[in-house]
Amino acid sequence: MAFWRRLFANPSAAVGLVVILLYALAALLAPVIAPYGPREMDLANRLRPPAFLEGGSLNHPLGTDQLGYDLFSRILYGARVSLLVGLISVAISLVVGTLLGCIAGYWRGWVDRILSRLADLLMGFPYLLFTIFAMAIIGPGFENLILALCFKAWVEFFRLARGEMLTENTKEYVEAARALGRRPAAIIFSEVLPNIYHSLLVLATLRMGYMIIMEASLSFLGLGIPPSIPAWGSMVSAGRDQMLNAWWVATMPGLAIVGLVLAINLLGEGLRDVLDPRLQR
């Protein structure tokens with residue numbers, strides 16, 4: 001309860017969490033909220049403006065695209081893709097990177113040298129170019145997109161977990177656990193991780209927003225989610241040729257991306273303030 005009180009006492013964290021929950025609720029209830037199906041065309045109402053503009057209709061509150069798709073409905077369904085990609089890719093990267101970082105920081109030696117050189121090698125490649133190259137090899141698709149994003153995303157969690165482990169490894173409570181004969185796995189999971197989880201949680205929250213941007217970028221380029229599945233990035237790509245006469249086709253999904261990523265960043269910054277004991281002092 002104390003954590004939640006501190007969290008909601010932080011304005012940026014509270015606003016970010018509420019907005020994220022609204023996005024998640026809208027994605028979960030998309031079949032109920034959306035007035036049309038995600039692939040339901042209405043060619044008679046192609047490029048219909050939003051309801052708040054002249055010529056708009058309440059039947060299409062955010063307008064329609066060049067194929068007559070209702071933008072509001074597709075944005076709701078597209079939220080499912082963005083949230084799932086962000087959650088799954090960050091979760092996998094967090095588990096893999098933290099485990100490898102703890103192993104490297106605890107045992108050091110040749111294990112640390114091999115893993116650290118691999119991490120340094122991957123850090124030398126720009127993330128977007130590396131992911132484009134990976135997608136070009138394994139092909140588009142939801143599962144392949146998750147795999148391509150995780151190829152390099154674990155590195156930052158590895159570096160953070162390794163640095164924290166190297167710091168904690170020399171402290172008295174770890175030495176005492178060794179003296180008591182506790183196994184390395186028990187020391188890592190029972191002693192060290194409870195003291196470093198807050199840093200990993202903040203990083204995971206911030207990286208989720210980056211993963212959503214990466215998914216949108218790849219979908220924009222036609223290398224991410226297949227066109228048959230509504231995705232914000234592919235919606236922006238489809239509307240770029242209509243910017244002069246139907247700006248809402250690309251703008252509405254773009255605003256959805258901005259709103260979700262901004263909310264995630266606000267939550268991440270708020271979590272840093274709430275969980276960091278140095279800032280609390």
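In full-length UniProt numbering, the protein residues as written are 1 to 281.
Even glycine gets a Cβ: it sits at the ideal position worked out from N, Cα and C.
Annotation for R182: no alpha helix (DSSP H) segment contains it, and DSSP assigns it neither H nor E.
Shown here, D70 sits in a strand according to DSSP, grouped into three states.
Excluding sequence positions up to five before and after R6, its CB lies within less than 6 Å of the CB of V274, all in the same chain and listed in chain order. Between F52 and P61, the alpha-carbon positions lie close to 8 Å from each other. Closest by C-alpha distance to T170, out of L84, G78, G105, G224, is G105. Membership of F142 in the alpha helix (DSSP H) is indicated by the continuous run 142-168. The Cβ atoms of G209 and V258 do not sit closer than 8 Å to each other.
Annotated three-state conformation of S82 is helix, per DSSP. Under the three-state reduction of DSSP output, S217 falls in the helix class. Looking at the DSSP output, S57 sits in a beta bridge with H60. At the C-beta level, Y69 and A34 stay beyond 8 Å of one another. Assignment of W248 by DSSP, reduced to helix, strand and coil, places it in the helix class. 8 Å or more divides the Cβ of A246 from the Cβ of W232.
When the Cα atoms are used, S219 and I213 turn out to be separated by approximately 10 Å.
Excluding sequence positions up to five before and after M211, its CB lies within less than 8 Å of the CB of V85, G86, S89, V90, L149, A153, all in the same chain and listed in chain order.
Residue burial is scored here from C-beta neighbours: I75 has at least 16 other C-beta atoms within 10 angstroms and is therefore classed as buried. With 16 or more other CB atoms across the displayed protein chains lying within 10 angstroms of its CB, G16 is buried. Cβ atoms of G97 and E156 come within 8 Å of each other, at about 7 Å. When Cβ pairs closer than 8 Å are counted between the two stretches, the region 264-273 is seen to touch the region 191-207, the count reaching three or more. G141 places its beta carbon less than 8 Å from that of P226. Separation of N45 and M235 (C-alpha to C-alpha, rounded to the nearest whole angstrom) is 17 Å.
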